[in-house]
Amino acid sequence: MTDSGTQKKRSLSVICSKGSFDMAYPGLILANAARMAGVDARLFFTFWGLDIVNKKKIDRLHLNLVGNPSAPVPAMIAGLPGVEALATAQMRKEMERLDIPPIREFVEMLDDAGADLYGCQMALDMFKLTKDDLVPQVKDVLTAMDFMDMSEGAQIIFI
Amino acid sequence: MSIETVQTDAEGYLTNRDDWSEELAMELAKQFSVELSDEHWTVLNAARAIETESGSSPGLRKISKRSETPIKAIYKLFPDGPAKLIAKIAGIPKPKSCL
Numbered sequence: 005m006t007d008s009g010t011q012k013k014r015s016l017s018v019i020c021s022k023g024s025f026d027m028a029y030p031g032l033i034l035a036n037a038a039r040m041a042g043v044d045a046r047l048f049f050t051f052w053g054l055d056i057v058n059k060k061k062i063d064r065l066h067l068n069l070v071g072n073p074s075a076p077v078p079a080m081i082a083g084l085p086g087v088e089a090l091a092t093a094q095m096r097k098e099m100e101r102l103d104i105p106p107i108r109e110f111v112e113m114l115d116d117a118g119a120d121l122y123g124c125q126m127a128l129d130m131f132k133l134t135k136d137d138l139v140p141q142v143k144d145v146l147t148a149m150d151f152m153d154m155s156e157g158a159q160i161i162f163i
Numbered sequence: 117m118s119i120e121t122v123q124t125d126a127e128g129y130l131t132n133r134d135d136w137s138e139e140l141a142m143e144l145a146k147q148f149s150v151e152l153s154d155e156h157w158t159v160l161n162a163a164r165a166i167e168t169e170s171g172s173s174p175g176l177r178k179i180s181k182r183s184e185t186p187i188k189a190i191y192k193l194f195p196d197g198p199a200k201l202i203a204k205i206a207g208i209p210k211p212k213s214c215l
């Protein structure tokens, strides 16, 4: 039911700071769930999280196996060339089976769902990128302070 | 069954699927300030069909594909929480999907 005028609308701010394939999804899924439930959602992509919306990297995110105790292979093997690529390909296949969209499609879906996507100014500077390097669904580039102002009253999730 | 007599759970989903009718759906929709058009019905019927076939209440992605209605259009038809609104108006349980 729509909220009454006296009740402030719920809103969610997700900060995505990691750029591995497996860590890209949680933020996207949470923001999407929020929109499906009528909660406003905005995402802030910072540091490695910028890779999720980087035109050149969005389709090439990799699973993080090394140093990941949940990895399905022993740490010694995880570091061998090609192992992460193989594991990523396998995970992609499994996700396709479950009809979980690839990252690019997911980002488009979030935009269609009315979530707002923002890039972090400092991270862009650090990686020598501009807004043009990001997918068109990114609405703007902000400082952390701008994002905080925007998030007043919101629930904030850091990933 | 009318909106006054029909039973819903604490969150507003129909308790008994058989209580649902098109007339009830229209009344429920009005409650959420939604006026049902043919496009709305395409979406609602798709959601009901998936639920009947699979026994699981679908999320938006499945509904969008089945009804051939883009996600963006679904958000226009059912603003303010389309996944919940569709399930409530279509008389099916709360969606079990995150997508």
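Protein chains in written order, with our numbering: chain A, 5 to 163; chain B, 117 to 215.
Built from N, CA and C at the ideal position, the CB exists for glycine as well.
Between B/Ser213 and B/Lys181, the CB-CB gap reaches or exceeds 8 Å. Assignment of beta-bridge partners to B/Thr124 by DSSP yields B/Leu130. The beta-bridge partner set that DSSP reports for A/Arg46 consists of A/Ser17, A/Asp120.
In the displayed model, A/Asn58 falls within a strand according to three-state DSSP. Close CB contacts of B/Lys204 within its chain, under the 7 Å cut and outside five residues either way in sequence, are with Gly128, Tyr129, Leu144 (chain order).
B/Ser173 sits away from B/Pro198, with the two beta carbons spaced by 8 Å or more. For the pair of segments examined, the region 111-129 of chain A was found to touch the region 40-56 of chain A: the number of CB pairs separated by less than 8 Å reaches three. Contact of B/Leu193 with chain A is not assigned, every C-beta pair being separated by 8 Å or more. In the DSSP assignment, B/Ile208 falls outside any beta strand (DSSP E) and carries neither an H nor an E. For B/Arg133, the closest of B/Thr158, B/Ala189, B/Met117 by C-alpha to C-alpha distance is B/Met117. Of all residues in the region 38-62 of chain A, only Met40, Ala41, Gly42 place a beta-carbon less than 7 Å from a beta-carbon of chain B.
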